[in-house]
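K.L.:
Using my numbering, the letters of the sequence shown map in sequence onto residues 481 to 688.
All C-beta atoms in this analysis are idealised placements derived from N, C-alpha and C, irrespective of residue type, glycine included.
In this text the structure is predicted, and so the values were computed from the model without any measurement.
Sharing a structure below in structure tokens format, with a few things to ask.
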Amino acid sequence: LSKIPTLRELYKATALKAIELSKIRYQPKDDYLEKVSLYQGDITNLEVDAIVNAANTSLLGGGGVDGAIHAAAGPQLLDECRTLDGCETGSAKITKGYDLPAKHVVHAVGPIYSQCNADEKAKQLESCYKTSLQIAVQNSLKHVAFPSISTGIYGYPIEDATHVALDTARQFLDSDYGETLERVVFVVWSDKDKGVYEDLIPFYFPPA
Ligand code: ADP
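Set out below in structure tokens:
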């Protein structure tokens with residue numbers, strides 16, 4: 481019985497969500513209707529200028545999306561990653577895409593949820609998205625596809641992480657810096673994650 485939520489618990493959760501969502505006050509704009517996408521599936525199939533990898537500090541490969549990207553890109557990707565001397569949490573580094581249909585891979589290192597305090601990890605996750613977008617613009621890349629960084633093996637709750645991802649992307653696209661980007665794609669794997677993005681996207685990218 482303890483596993484079954486009571487109405488009291490349900491109302492508490494809904495009220496929290498309503499308060500949280502009412503704080504999001506981005507201007508409605510049609511600017512992003514063609515610029516932002518949600519895609520469910522394997523990020524390694526996307527023929528875009530850059531896919532972002534949810535990497536670890538070694539940049540030498542791992543499980544999850546990192547493993548899938550290295551497997552699809554071929555061994556030359558690991559050879560280039562070896563020359564990069566790792567990457568700090570919250571930062572990102574770019575490589576070529578090799579056998580991937582994507583031209584480049586931006587390797588971003590998200591926070592491990594259990595390892596730091598709430599403010600710190602939100603800042604690090606925000607920094608992953610922001611740095612990846614900056615790197616894309618600096619390299620004249622027009623489209624970037626993101627997996628849901630840190631929400632797999634690294635344990636960041638999907639709702640919290642999605643707020644950070646969407647908020648950071650909206651702020652970046654609103655800035656002068658973001659003007660040259662033609663498309664930002666959020667890639668989800670599971671139905672649950674897709675539902676979370678579908679629920680939250682209208683708050684960060686409301687149409688006029
Ligand atoms: P992290 O270590 O940063 O948590 P993971 O790779 O474990 O990274 O998970 C990040 C997200 O990527 C998860 O939502 C996971 O379901 C998703 N994912 C795993 N494989 C793929 C793939 N091939 N394409 C897109 N997303 C993927």
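Report the residue from 642, 507, 646, 510 whose alpha carbon sits nearest the alpha carbon of residue 632.
P.N.:
Here the question's residue 632 lines up with position 152 in the sequence shown. Taking each of 642, 507, 646, 510 in turn and checking the Cα distance to residue 632, the smallest one comes out for 642.
K.L.:
Identify the continuous alpha helix (DSSP H) that holds residue 488 and give its terminal residues.
P.N.:
On the sequence shown, residue 488 is found 8 positions in, with the first residue counted as 1. Start and end: 487-502.
K.L.:
Check for me: the alpha helix (DSSP H) holding residue 609 runs from which residue to which?
P.N.:
Locating residue 609 in the sequence shown gives position 129, counting from the first residue. Its alpha helix (DSSP H) spans residues 598-618.
K.L.:
Which whole runs of the beta strand (DSSP E) in the stretch 527-586 are 3 residues long or more, in chain order?
P.N.:
Whole beta strand (DSSP E) segments, 3+ residues: 530-535, 572-576.
K.L.:
Please classify residue 490 as buried or exposed, where buried requires at least 16 neighbouring CB atoms within 10 angstroms.
P.N.:
Residue 490 sits at position 10 when you count from the first residue of the sequence shown. Label assigned to residue 490: exposed.
K.L.:
Per DSSP, which one or two residues make a beta bridge with residue 517?
P.N.:
Within the sequence shown, residue 517 is the residue found at index 37, counting from 1. DSSP output for residue 517 lists 665 as bridge partner(s).
K.L.:
Relative to the ligand ADP, is the shortest distance from any of its heavy atoms to the C-beta of residue 590 smaller than 7 Å?
P.N.:
Taking the first residue of the sequence shown as 1, we reach residue 590 at position 110. Of the heavy atoms belonging to the ligand ADP, at least one sits nearer than 7 Å to the Cβ of residue 590.
K.L.:
If distances are taken between C-alpha atoms only, which option among 586, 588, 681, 605 comes closest to residue 595?
P.N.:
Residue 595 sits at position 115 when you count from the first residue of the sequence shown. That would be 605, whose Cα lies nearest to the Cα of residue 595.
K.L.:
Can residue 726 be considered in contact with the ligand ADP, in the sense that its beta carbon sits closer than 7 Å to one or more heavy atoms?
P.N.:
The requested residue 726 does not occur in the structure, where the chain is confined to residues 481 to 688.
K.L.:
Kindly examine the ligand ADP and report whether one of its heavy atoms sits closer than 7 Å to the Cβ of residue 637.
P.N.:
As a first step, residue 637 is located in the sequence shown; it is residue number 157 there, counting from the start. Checking every heavy atom of the ligand ADP against the Cβ of residue 637, none is found closer than 7 Å.
K.L.:
Could you spell out where the beta strand (DSSP E) holding residue 685 opens and where it closes?
P.N.:
Residue mapping note: residue 685 aligns to position 205 of the sequence shown, counting from 1. Unbroken run through residue 685: none, as it is neither H nor E.
K.L.:
Only counting the same chain, and skipping five residues up and downstream in sequence, which positions put a Cβ closer than 6 Å to that of residue 612?
P.N.:
Reading the sequence shown from its first residue, position 132 is the one you call residue 612. These residues qualify, in order along the chain: 532, 572, 586, 588.
K.L.:
Distance, Cα to Cα, residue 541 vs residue 676?
P.N.:
Your numbering for residue 541 matches position 61 in the sequence shown. Your numbering for residue 676 matches position 196 in the sequence shown. Those two C-alpha atoms are separated by around 28 Å.
K.L.:
Whose CA, out of 646, 549, 663, 657, lies closest to the CA of residue 678?
P.N.:
Position 198 of the sequence shown holds residue 678. Cα-wise, what sits closest to residue 678 is 646.
K.L.:
Whole angstroms is fine: what's the gap from residue 522's alpha carbon to residue 667's?
P.N.:
Taking the first residue of the sequence shown as position 1, residue 522 is located at position 42. Taking the first residue of the sequence shown as position 1, residue 667 is located at position 187. Just so you know, the alpha carbons of residue 522 and residue 667 end up roughly 8 Å apart.
K.L.:
Measuring from the CB of residue 677, is there a heavy atom of the ligand ADP at a distance below 7 Å?
P.N.:
Within the sequence shown, residue 677 is the residue found at index 197, counting from 1. Residue 677: no, Cβ never under 7 Å from the ligand ADP.
K.L.:
Measure the beta-carbon distance from residue 662 to residue 515 and round it to whole angstroms, keeping in mind my assumption that it falls under 8 Å.
P.N.:
For the purposes of this step, residue 662 is taken as the residue at position 182 of the sequence shown. For the purposes of this step, residue 515 is taken as the residue at position 35 of the sequence shown. That belief holds up - the Cβ atoms of residue 662 and residue 515 are roughly 7 Å apart, short of 8 Å.
K.L.:
Determine, using beta carbons only, whether residue 584 and residue 577 come nearer to each other than 8 Å.
P.N.:
Position 104 of the sequence shown, counted from the first residue, corresponds to residue 584. Position 97 of the sequence shown, counted from the first residue, corresponds to residue 577. Yes, Cβ-Cβ distance for residue 584 and residue 577 is below 8 Å.
K.L.:
Measure from the C-beta of residue 486 to each C-beta in chain B and report whether the shortest distance is under 8 Å.
P.N.:
The chain labelled as chain B is not found in the depicted structure, where only one protein chain is given.
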